[in-house]
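In the working numbering, the protein residues as written are 1 to 137.
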């Protein structure tokens, strides 16, 4: 959450349209330098002057129903401060020598019918309580 002065300063920098977009999708206003756009359409920003430490980098997702798995591995490393240079400035990421990176986005399937559920062969220690009501007289 930001102060009123910081919000007004960011409103002057980014304009009303971007202010409304950020408040709807991020809940806060941020103004910073555009770093790059990835192949999924996500935009990455950085502001080193007036943001709190470890909150200087952020992503504006392309999809409105965003999922953190939509960030590529190189950009994830940059967003979590594992590397200093963004993937657009890293020669290894530009040559695409990493064959283990996924070619297309695979969404996270948690809380869906396709989610991974392990099969257990052990008997449960506890059983569910089934109430038994006596008939009324």
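All C-beta atoms, glycine included, are put in the ideal place defined by N, C-alpha and C.
Computed from a predicted structure; not experimentally measured.
Check, Outcome
"Which residues DSSP lists as bridging residue 58, in chain order", "45"
"Cβ-based burial, residue 31 [other Cβ within 10 Å; buried from 16]", "buried"
"Pair within 8 Å by beta-carbon distance, residue 58 and residue 45", "yes"
"Minimum C-alpha distance to residue 50 - residue among 63, 84, 33 and 43", "33"
"Buried/exposed call for residue 74, threshold 16 Cβ in 10 Å", "buried"
"Cα-Cα separation, residue 87 to residue 5", "33 Å"
"Bridge partners - residue 37, DSSP secondary structure assignment", "43"
"Sequence-distant residues of its chain with Cβ nearer than 6 Å to residue 41 (five each side left out)", "62"
"Rounded straight-line distance, which links the Cα of residue 94 to that of residue 55", "26 Å"
"Through-space distance from residue 103 to residue 124, alpha-carbon basis", "41 Å"
"Three-state class that DSSP yields for residue 79 in the structure shown", "helix"
"Residue from 77, 76, 29 and 90 whose Cα sits closest to the Cα of residue 7", "29"
"Run of the alpha helix (DSSP H) containing residue 50, from where it starts to where it stops", "Segment: none, residue 50 is in no alpha helix (DSSP H) and carries neither H nor E."
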